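Comments concern the structure below.
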């Protein structure tokens, strides 16, 4: 099985700085695999909140995670500074597939990359809803 190479910074239009924490390291002296998913979630949701696309407490539409994946290419650990590159890989009727690259310090090649799929639903009924056109426009600005 041939793996595609890890992404480089130029593959992304949007970047979010993140910081590792002491507790992120595991017994093997590197960032535990679970932390990668936390960083994906934090980077994407922070941007969505900034753009007015996510109101976690009062919004009528919420994104439910239906799929995630991560490929690991190199180790990261505390006190590394992390930058998350974020892009929209696919924009569906009610879903968005995000591409994420995690970059260590000033490195150009991702130490990990992943995908994260949100299906947007009505908060009350939990049934999928069509993405509003204004959302599609904003999400389209970071299409990969």
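Numbering (our numbering), first residue to last: -9 to 134. Idealized CB from N, CA, C, for every residue including glycine. Since the structure is predicted, the reported quantities are computational estimates derived from the model, not experimental observations.
- Around the beta carbon of residue -3, 16 or more other beta carbons sit within 10 angstroms, so the residue counts as buried.
- The beta carbon of residue 66 sits closer than 6 Å to the beta carbons of 21, 94, 101 from its chain, once the five residues preceding and following it are set aside; these are given in chain order.
- About 24 Å separates the beta carbon of residue 124 from that of residue 105, a gap too long to meet the 8 Å contact definition.
- With a threshold of 16 other beta carbon atoms within 10 Å, residue 33 meets it and is buried.
- Inter-residue distance for residue 11 and residue 86 is about 29 Å (C-alpha atoms, whole angstroms).
- A straight-line Cα-Cα distance of about 9 Å links residue 83 and residue 126.
- Ranked by Cα distance from residue 55, the first of 92, 134, 108, 46 is 108.
- In the three-state scheme derived from DSSP, where H, G and I count as helix and E and B as strand, residue 120 is classed as coil.
- Contact between residue 1 and residue 91 holds, since their C-beta atoms are separated by about 7 Å, short of 8 Å.
- Straight-line measurement puts the Cα of residue 74 at about 19 Å from the Cα of residue -6.
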